[in-house]
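These notes are about the structure you will find just below.
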Amino acid sequence: MSINYLKTPIQEINDPLFEELGIRLLIKREDLNHPEISGNKWWKLKYNIEEALHVNSHTLLTFGGAYSNHIFATAAAAHEAGFKSIGIIRGEETLPLNATLSFAKRKGMRLHYVSREDYRHKSEEIFIENLKSHFGEFYMIPEGGTNELAVKGCEEFSKKVLCEIDCDCVCLPVGTGGTIAGIIKGLKGKKEVIGFSALKGGTFLEEEVKNFLKSHASHLKNWKINLDYHFGGYSKRTQELENFISRQWKDHELPLDEVYTSKMIFGIYDLIVKGDFSRGTTILALHTGGLQGRINSKSVAKKFPS
0 MSINYLKTPI QEINDPLFEE LGIRLLIKRE DLNHPEISGN KWWKLKYNIE
50 EALHVNSHTL LTFGGAYSNH IFATAAAAHE AGFKSIGIIR GEETLPLNAT
100 LSFAKRKGMR LHYVSREDYR HKSEEIFIEN LKSHFGEFYM IPEGGTNELA
150 VKGCEEFSKK VLCEIDCDCV CLPVGTGGTI AGIIKGLKGK KEVIGFSALK
200 GGTFLEEEVK NFLKSHASHL KNWKINLDYH FGGYSKRTQE LENFISRQWK
250 DHELPLDEVY TSKMIFGIYD LIVKGDFSRG TTILALHTGG LQGRINSKSV
300 AKKFPS
């Protein structure tokens, strides 16, 4: 792929609670794999960008809300790989632009706003044809970046990186199901996989994952999705979660976003206390980024050289 990737460290969370219960918690710091295209976004975009190059497309088009990590990452990836980019943004333009959309615009992304009602039809053929009439030809990446090529990228990460780490269980946040499907495929049943839904009412996610697994679904059964730690739903948070994020930075210099990774780490802590993990278990939690460079993750990287 024509965008840079940095090898990432593993950070162990040393907590007296874990020592008492005989549990190890390791964090795979994929938030540090690129300054702007971080976490699972790098792996989800990898083969999409290669395909766009293969079909000789010059423009990437994708979808997202005004605070979308995917919009942020796609704008950065397109700029670094030499593409033009278009972001179809849900809702009305609000000025001044927030930090996410300001960044995307600086990276050359053309922002096009559509009403929330129209946005619901973004996957329909007539909607896409109207976009082509307006913008010309483009390579389309779905909202959140999840498609078969994204799953392929996450499967590669799982095979090349996660399989080599000594642990019993891999945990990660879940939004659309693409990343966890790739992780499950790559591990081939070697470790347990637990996803933590960032969505309220995420019962549909299990079927989404099974669809991505396809013929593998019948024998890859070492996974589950926990629905208990969404904190009110996507992008919702409580004071309890905010306090937890602050403590993780203060105690462990672990930067967490409010949408995905913090909810997973909170859930892991809670399940450890409840005794869901047996003594001697080593948990590997995947930090999927989403920080958008807003806190001192670079200073933490210096403490944990690759």
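Following numbering that gives the first Met the number 0, the numbering of the sequence shown begins with 0 at its first residue and continues without gaps.
Backbone N, C-alpha and C fix where the C-beta goes; we use that ideal spot for every residue, glycine too.
Computed from a predicted model, the values in this text were never measured in an experiment.
Query: Enumerate, from N- to C-terminal direction, the unbroken beta strand (DSSP E) stretches of 3 or more residues contained entirely within the stretch 221-303.; Result: 222-225 and 281-285
Query: Using a 10 Å radius around the Cβ and a threshold of 16 neighbouring Cβ atoms, would you call Pro15 buried or exposed?; Result: exposed
Query: Where do the N-terminal and C-terminal ends of the beta strand (DSSP E) with Glu306 fall, by residue?; Result: This structure leaves residue 306 out entirely; the chain is present only between 0 and 305.
Query: Three Cβ pairs or more, each shorter than 8 Å: is that satisfied between the stretch 120-136 and the stretch 20-27?; Result: no
Query: Starting from Ile183, follow the alpha helix (DSSP H) in both directions and report where the run begins and ends.; Result: Gly177 to Leu186
Query: Say whether the stretch 124-138 touches the stretch 164-173, bearing in mind that this needs 3 or more beta-carbon pairs closer than 8 Å, one atom from each stretch.; Result: no
Query: Exposed or buried, which one is Ser298 when buried takes at least 16 other CB atoms within 10 Å?; Result: With a pLDDT of 40 at Ser298, under the threshold of 50, the modelled position of this residue cannot be trusted, and the question is left open.
Query: Give me the residue from Asp256, Thr280 and Lys83 with the minimum Cα distance to Tyr66.; Result: Asp256
Query: Using only the alpha-carbon positions, how far apart do Leu31 and Ser214 sit?; Result: 33 Å
Query: Below 8 Å on the Cβ atoms is my contact criterion, and I expect Gly232 with Tyr259 to pass it. Report the Cβ-Cβ distance as a whole number of Å.; Result: Not a contact, Cβ separation roughly 13 Å.
Query: Keeping to the same chain, check which residues put their C-beta closer than 6 Å to that of Arg28; ignore five residues upstream and five downstream.; Result: Thr7, Pro8, Gln10 and His286
Query: On a CA-only basis, which of Gln291, Lys273 and Ile264 is nearest Ile282? Give me that one, please.; Result: Ile264
Query: Can you list, in chain order, the residues of its chain with a C-beta nearer than 6 Å to that of Glu191? Leave out the 5 residues immediately preceding and following it.; Result: Cys168 and Asn221
Query: How big is the Cα-Cα spacing for Leu309 and Glu79?; Result: This structure gives no information on residue 309, because the portion of the chain shown stretches from 0 to 305.
Query: Assign Gln247 to one of two classes, buried (16 or more other C-beta atoms within 10 Å of its C-beta) or exposed (fewer than that).; Result: buried
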